[in-house]
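Structure, as structure tokens:
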Amino acid sequence: MKLLLQRRSHDADSTIGDLYVNGHFECHIVEDEPRLEKVSGETRIPAGVYKIKLRTVGGFHERTLVKYGPVFHRGMLWLQDVPGFQYILIHTGNTEKDTEGCLIVGQSVNQNGRGGGTVSNSRAAYERLYPMVRDAILRGEDVEIQMVDD
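Using my numbering, read the sequence shown as starting at 58 and increasing by one per residue.
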């Protein structure tokens, strides 16, 4: 399975992008802003290609497991080997304040006029995206995401 995140605009606080799964638009993404030097919890990850696996430990996993139950939630969608970052996940939220480098999904985007913005209907977007990616991983498929800068 191939995911493509096409970053399309950013401002001093956030980045907005569009996520495609096997060439089909799936949802919008909000993440942190780009920076020349990384600031912990305030910088988007570098463009590149990253494998996605399931992370079945940690607080985020435990909270999501309680929220969705063990039939739906089998682990966090976790980007592997991101240079200079650890535990980059795909999850719910609405603004760049809900992330520390992670990718926040949403069904709609609210541009702020400066290039950045927020997403909404995050839970619905996650509930649609997650099973597709989860099931591909559980089937043993290679799942990767390509991040392309704006």
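A virtual CB, placed ideally from N, CA and C, is assigned to each residue, including glycine.
| Item | Value |
| --- | --- |
| Counting beta carbon pairs with one atom in the segment 133-147 and one in the segment 103-111, are three or more of them shorter than 8 Å? | yes |
| Quick one: grab the DSSP three-state call for L111. | strand |
| I want to know whether the segment 193-201 touches the segment 118-130 - three or more CB-CB distances under 8 Å. | no |
| How is Y77 classed by DSSP in three states: helix, strand or coil? | strand |
| Between the Cα of N167 and the Cα atoms of E153, C159, G132, V96, which residue gives the shortest distance? | E153 |
| Beta-carbon separation of S179 and V162 under 7 Å? | yes |
| Pop quiz: R64 and G74 are said to be a contact at Cβ under 8 Å. What is the actual Cβ separation, rounded to whole angstroms? | 4 Å |
| With DSSP as the reference, identify every bridge partner of C159, one or two as the case may be. | DSSP output for C159 lists no bridge partner at all. |
| Report yes if the C-beta distance between G173 and D70 is below 7 Å; otherwise report no. | yes |
| Please classify E83 as buried or exposed, where buried requires at least 16 neighbouring CB atoms within 10 angstroms. | buried |
| Take I102 as the anchor and find which of A193, E157, I194 has the nearest alpha-carbon. | E157 |
| Give me, in chain order, the residues of the same chain whose beta-carbon lies closer than 8 Å to that of R131; leave out the 5 immediate sequence neighbours on both sides. | L111, T113, R191, L195 |
| Taking only the alpha-carbon atoms, compute the straight-line gap between S66 and L186 and give it to the nearest angstrom. | 22 Å |
| Terminal residues of the continuous beta strand (DSSP E) containing H118? | Not the beta strand (DSSP E): H118 falls in the alpha helix (DSSP H), residues 116-125. |
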